[in-house]
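Chemist:
Residue numbers (the numbering used here): 27 to 183.
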């Protein structure tokens, strides 16, 4: 690598030119978590939270976040996503929620940022919907767990 790819000769931030890159199938997966009180988890399982369908709403918010990544991260390329799925699983042992996302496209650049954004927005939505009943929640562990496609090929954490 010849140096920073997002900085021009004068030191200004720039979007990387991907014009000449080959279109390939791209996939990225990410994960994160929200810890909470056992009582909060029970409220979500029982459907008794003040804001309603917590998990379904947060999963949808994560998908919407993936689709808006280029609006949030200044140098990300806007990508036509072909798949964005967010899954939230209650975890009694944590206690809390395990959040995962899978994002796909056919394009010239990867979708790691979209997968990370999906997980982050889903976690933030869980926090927002549950903060009235649990101010002790913690969001963490947001990371890319896998990527496929492009010149560098496949990778798994």
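By construction, the Cβ of each residue, glycine as well, lies at the ideal position given by its N, Cα and C atoms. The structure displayed is predicted, hence computed values, not measured ones.
Helix, strand or coil: which one does DSSP assign to residue 145?
Modeler: In the structure shown, residue 145 sits in a helix (DSSP, three-state: H, G or I).
Chemist: What is the residue span of the beta strand (DSSP E) that residue 117 lies within?
Modeler: 107-117 is the extent of the beta strand (DSSP E) around residue 117.
Chemist: Return the first residue and the last residue of the beta strand (DSSP E) that residue 165 is part of.
Modeler: That run of the beta strand (DSSP E) goes 164-174.
Chemist: Is it the case that the stretch 77-91 contacts the stretch 132-147, given that we only count it when at least three CB pairs across the two stretches are under 8 Å?
Modeler: Contact holds: three or more Cβ-Cβ distances are below 8 Å.
Chemist: Does the stretch 130-137 come within contact of the stretch 42-52, defined as at least 3 CB pairs closer than 8 Å?
Modeler: Segments in contact, yes.
Chemist: From this set, 115, 148, 47, which residue's C-alpha is nearest residue 177's C-alpha?
Modeler: Here the closest residue by C-alpha is 47.
Chemist: Only counting the same chain, and skipping five residues up and downstream in sequence, which positions put a Cβ closer than 8 Å to that of residue 167?
Modeler: Taken in chain order, the residues that qualify are 57, 58, 59.
Chemist: Identify which residue in 158, 138, 173 has its Cα closest to the Cα of residue 93.
Modeler: Nearest option by C-alpha distance: 138.
Chemist: Determine which residues share a DSSP beta bridge with residue 128 and list them.
Modeler: Beta-bridge pairing links residue 128 to 55, 111.
Chemist: Mind pulling the alpha helix (DSSP H) runs of 4 or more residues that sit fully within the stretch 57-84?
Modeler: Whole alpha helix (DSSP H) segments, 4+ residues: 64-72.
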